[in-house]
Each structure stands twice: as structure tokens, then as C-alpha cells.
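Chains as they are written, first to last, in the working numbering: chain A, 61 to 410; chain B, 61 to 410. The beta-carbon is built from N, C-alpha and C at its ideal position, and this holds for glycine as well. Accompanying notes for the structure given below.
Next comes the structure, spelled out in C-alpha cells:
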């Protein structure tokens, strides 16, 4: 199936993705059962007792991280950076959790659209709704920003913030990944969870800077990543404060506030954090500007790019990440290979 | 001077304020020397040794704060609130620091405009620049949003973020308050500094939610309030990520991102924090919606409104706060009187 390979890390890609939902299982190899776990016991024995990153294989990537953290936290050293400046920014889709066979939030969008379709018989023959309901990949591959926003508006707006959050949590509590059959919140990379903990233990403050929806991510960021809601940056709709009979509340307007991708990432980092990160971790072309912004600063800097090259344990794809991979080699960003650098991929792996 | 009394807590008010800069000293009573300090020694002796709010007089306001914090932190109690939900939002101008005789950021705007005027001879006879340069209060009292944004654009935009921050810090390091002759960063309320510490010690996270500029406040929020840059919400321009010869950097565009006043405050709280505050502290009509949003939530809530009624030690004014005072009595928000509830006003008072 060709369209399994046409993933794009952009809003356009999100649209294409909507059409991929049904086809997902067919794209993903073994299907259903988790892939056989590695025999990790030998490897674990080899690792130092105090290893803060036990799910990382020894290698250049792990060493680059350890060296960087040591340098910037060494009070006497030339590269010392004060704790308040130890800002680390992480992309979410494809960096902290998986993004295949489709962005998980797109699965949420499609589920909501199907549920709401009961009250919207006209959607059966109105685009772009019809295409989502019929999983018409061909139509969806051609639609533009206006139609995406229409789909987002229909599923993510026109409701109160409280209502939206309840819906997102219900989805995250019940929906399952088509290939791994785990909850989406279990589809997070174990090595990245360890990295977040390791950075926090060394005085860093990790933030999420995602093209995904800010309020969708906030429903699990605290429980899953230990990242509080206020440290999540993402795409957003406009909000409106309304006074109702039951008191003042926030409503979600069908209007884009920010699409937090590419050059919007550094701009939103300025708006929400007000400080240039010293470490940035991404995986796709949408993360290039964030990586540039972080690594172009003076002093010690670390840019990291996750490369998905493990079809057996996760996924293997380059599409939408080609430019980022080029830039990484030009600019000295550290490429992290899922195949070579991740000893364990998901928390449910042995 | 009538226009000393026509202060308004709104963008419109900021404009009026531009014209008040020269007139400031004339509005503010004693001028120059700090007002005579109270004899605080007796009062201090009366206060309990462990009093977390020593600059607050005993009374209903102080008691309301102590009771609220005790209730929401009592694990066994019916009003217990988990630490991650202990979000407290504070207005800045007139709540954490003084706002008379003019918003301090307006003094910064005027200083920058005067400095830049050397390269802009045309400003001498072009409005609204001419009015600021000539401190023409009459003209400035009539100008609208377009002209304000023009002034902000000329002084706060068209430069890199790095350049802006250096300018703001230089101003804050050198400029002095016309009446108290202290640096503006010393014009903060000692009781509020103690309240911020007390809340933090009880697991609260205080945020600033100001109509003032987010990046202006960030230049002193950490050092003065202990509030890190990422916990500051304010009015903002749009940012642009640009690649230059010296690397990628953030530029400030002459375009409004958000004017963080009135109903924009709850909306920006949602965008930046993603959680409804349980405590909000403001002082003017621009804070009404933030106070409503916080206090309309379920469970224990505390709304606080600072009333400036002390011409001797600070200022005495109601204009721009009338509606908020009405709402406070209707809704049970606690009114804090500078005269009655603040034992000490500024850190430089004895």
C-alpha cells in the first residue's frame, strides 16, 4: 500500500492521515501482537548500576547526551549553564510517542466525527466530512488548510473547554493502537521517559513543543511524561471567556490560534517560555526551526533528531524527515536511531 | 490637575498615561522623598514569630488568605486541592507593583521614543509621536488603538528579541520613580512578595497575568518575584523566527499578538496554563473576568482585589476600579486595603 509511505509531518500530512485510519493495520507488519521482545537481561547486566538511561544502548548518541549534561552542570567548567537556563524542548509526535500509522490525534478526530455524524446526516454527502467517514484516502490527500480547519472545528471546537477535555480523556482511556493494541498513552518511548527524568534530575526543565493540539496533549502529559500542563506548547484554537448560567467558562472557537509547526515553534517558544532552549529533540522537518533556534545560541547546545529505522520493533520511515536528516549532518545534530540506540522501545517491551 | 485622576486600567488608559509622564510629580503629593515610615517595631513584636505574612496587618483580608490556604492544603479536609491544581494568578500593575503616576512600561515607551527620535526628525510634527515627545496630554487622551499600536510598534518592535530585552533591562536598571525615587523594580508591594512566598511554601504555583507586556515583565519577574519567565502571561506582539548571518533568532513584529486584558485574561490563562486558577488577585476592572473565572470554579476559591486608598504611603484612586469593587461586594471577593491591610507597603519602607 503506497499511501502507508506517504506520511508527511505537516498539516497537509494530518489530512492525508485522516484517510489512513482504516488502512492502518495493513501497513504495520505483524499486526496485533507486540513484536518479540529482545532478550534484555544480558544487556541490562552490562549496564552500569547507576546508569540513568538503561533503555539506551551504549553508543555515540547516549554518550553525546551524557557528555552534554555533564558539561553544562559542571559548576567549575567553561560550559556551565545556570539551572534556570536549562530549557529543553521536545517535539511530541514521533519524538516522545509514536506517530504511525497515523497521528493519534487524527484517530481522535475521526472517532469524534463518526460519533457526531449521527446528528449530521448531511455529512454523509458533504466534503470533507464524507471523506473522513468513508476513509476516502484519495480525496483527503488533496484537501487544503480550509478543509482541515473545518474538520478540526467540527470536532475540537464549538464546545466548552471542560467538554473537550472530557472527550479527549475518554478517547485516551479507551482507544487502542491498531498494531500494538496498547493504549495510545502506552505508545511512548521508554528511552525518552528516562531522558526526561535524567534531565529533570540535572536541573533541566523539559517542555513539549508539538504540532499536535495543546489541549489534547495536556490530558496525558502530566501522568505520562511528568510534564505539567503549563509546560506544554502546541497548536491551538482561539478561546473565548463566556458567562453562562453556571458561571464563567472557556469556550473553544472554530478559529485557528496557532499551528505550532516549523517556524511557529521558535515563535511559540518565545511566547510561552521566553528563553532560548539549550537542548531540542525532534524527529521531522517540522522540527528544523526549533533545532536551529536551540543550537544557534551561544554556549553549549545539543540538537537531537530521532530517526525511525526499525520496522520490526516500531516503524521505518524517512518521508517528511529528509531535510531534517540532511540538516543534522550539516549542523552536527545528533541522530538517534531507534534500531541502534534504543535498547527497549516501548514501556511494554521487555 | 484633573488628569491625575483620570487613570484607566485599559489600553485607552495606557494612552492617557503617555501624556501624564511630565505631570507625574505634580500628581503625587510629597514628591521625591519617601513618605515617613510607620513605627513598625511594636506591630512586629505583636506578630507571631512564625507569621508568614509579617507585612500584613491582622484583619479580615489576612485571615481570609490564611484560612483559604489552610483549607485547601488540609489533606483530610473537604476542601483539599491537589498541589498541581493550586494555580494562583496575579495581575501585575497595581497588584504586585505600583502603577502610578503612570504604568512603568509607559515610562519605558516614552524613554525609548525620545531616544529614537534623534533618527526620526519627522516625529517632531507627526502624531502620535509628537504628542508623546511634547507630553501633550490633551491629544493623547483622544487617541485610539491604532495610534497606540503605532507607538508600541515604534518602541517595542522591529528589533530582535535580544535587543529588546537589553533595552528593557537597561531602563529597569537606571530609571527612577518620579515620587519615591526608587528603581521601578523596588516599587513592589512587600506584602505581596510575602504572599507569593507563602503560597509557594504551600504548594501553590503563582503566575503573572498582566495587561503589561509579557517580555517587559520577564526581565525582572524572576529576580523580583521569584516567578520564572515561563510563568508570566501578558500582552504580546507577534514573533517571527528569522535566519540571519549570525544564526536563527526571534524578531518582534509590529503587530499585536494579544492584548491581555479583561476577557483575554481567562483565554490566555487557558492557552498558557491550561487550568482554572483557584486563587486570583487583581486590582482593577481589567481583572474582573480573571476573578470571575477563578472564583466560578467548583470547590474552594479565593478572589482578592487590592484597593488603593492610601495617598500618604502610596496612592489613593478608584477610577478604573469601580466595577471591580462593586463585583467584589456582590461576589464575595476579598477587598484588600493598602491603608488598613498593609503594615508595610514597599520593601524600602521600614
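| Check | Outcome |
| --- | --- |
| Residue range of the alpha helix (DSSP H) that residue 124 of chain B falls in? | 120-133 |
| For a contact meaning CB atoms closer than 9 Å, what does residue 145 of chain B contact in chain A? | Chain A residues near residue 145 of chain B: none, gap ~10 Å exceeds 9 Å. |
| Any Cβ of chain B within less than 7 Å of the Cβ of residue 263 of chain A? | no |
| Please classify residue 351 of chain B as buried or exposed, where buried requires at least 16 other C-beta atoms within 10 Å of its C-beta. | buried |
| Nearest to residue 325 of chain A by alpha carbon, out of A:301, A:186 and A:292? | A:292 |
| Around the C-beta of residue 387 of chain B, are 16 or more other C-beta atoms found within 10 angstroms, so that it is buried, or is it exposed? | buried |
| Once DSSP output is grouped into helix, strand and coil, what is the label at residue 216 of chain A? | helix |
| Taking buried to mean at least 16 other C-beta atoms within 10 Å of its own C-beta, is residue 278 of chain B buried or exposed? | buried |
| Whole angstroms are fine: how far does the CA of residue 173 of chain B sit from the CA of residue 215 of chain B? | 6 Å |
| What does the alpha-carbon distance come out to for the pair residue 115 of chain A and residue 404 of chain A? | 5 Å |
| Assess, as a yes-or-no matter, whether the stretch 281-290 of chain A is touched by the stretch 309-317 of chain A under the definition of 3 or more beta carbon pairs within less than 8 Å. | no |
| Can you find a C-beta in chain B that's less than 7 Å from the C-beta of residue 315 of chain A? | no |
| Count the other CB atoms, across all protein chains shown, that sit within 10 Å of the CB of residue 140 of chain A; report buried if there are 16 or more and exposed otherwise. | exposed |
| Have a look at residue 135 of chain B and residue 304 of chain A and give me their C-alpha separation to the nearest angstrom. | 32 Å |
| List the endpoints of the continuous alpha helix (DSSP H) containing residue 326 of chain A. | 324-332 |
| Using the Cβ count rule (16 or more neighbours within 10 Å means buried), how would you classify residue 71 of chain B? | Note on residue 71 of chain B: pLDDT 43, under 50, position unreliable in the model; the coordinate value appears next. Buried is the call here. |
| Exposed or buried, what is residue 161 of chain A when buried is set at 16 or more other beta-carbons lying within 10 Å of its beta-carbon? | buried |
| First and last residue of the alpha helix (DSSP H) that includes residue 389 of chain A? | 382-391 |
| For residue 392 of chain A, would you say it is in contact with chain B, using Cβ-to-Cβ distances shorter than 7 Å as the test? | no |
| Let me check one thing: in DSSP terms, what residues is residue 153 of chain A bridge-paired to? | A:157 |
| Flag this pair as yes or no: are the beta carbons of residue 280 of chain A and residue 150 of chain A separated by less than 7 Å? | no |
| Residues of the stretch 281-295 of chain A with a CB closer than 8 Å to any CB of chain B: list them in chain order, please. | 282, 288, 289, 290, 291 and 292 |
| Pick from A:333, A:391 and A:401: whose alpha carbon is nearest that of residue 145 of chain A? | A:333 |
| Would you mind telling me which residues of chain A sit closer than 8 Å to residue 331 of chain B, beta carbon to beta carbon, in chain order? | 274, 296, 299 and 317 |
| Nearest to residue 226 of chain B by alpha carbon, out of B:275, B:336, B:380 and B:358? | B:275 |
| Cβ of residue 323 of chain A within 7 Å of Cβ of residue 349 of chain A? | yes |
| CB residue 336 of chain B to CB residue 363 of chain B, shorter than 7 Å? | no |
| Beta carbon of residue 204 of chain A, beta carbon of residue 314 of chain A: below 7 Å? | no |
| Using a Cβ cut-off of 7 Å, which residues of the stretch 346-362 of chain A contact any Cβ in chain B, in chain order? | 349, 352, 353 and 356 |
| Could you check how far apart the C-beta atoms of residue 235 of chain A and residue 167 of chain A are, in whole angstroms? I think they sit under 8 Å. | 6 Å |
| Is the shortest distance between the beta-carbon of residue 326 of chain B and the beta-carbons of chain A less than 7 Å? | yes |
| Under 9 Å, CB to CB, which of the residues in the stretch 123-135 of chain A have a partner in chain B? | none |
| With a threshold of 7 Å on Cβ separation, who are the neighbours of residue 301 of chain A within its own chain once the five nearest residues in sequence on each side are excluded? | 308 and 310 |
| What's the C-alpha gap between residue 384 of chain A and residue 392 of chain A? | 11 Å |
| Between A:297, A:159 and A:395, which lies nearest to residue 220 of chain A when the distance is taken from Cα to Cα? | A:297 |
| Just grab the DSSP bridge partners of residue 394 of chain A for me. | A:364 |
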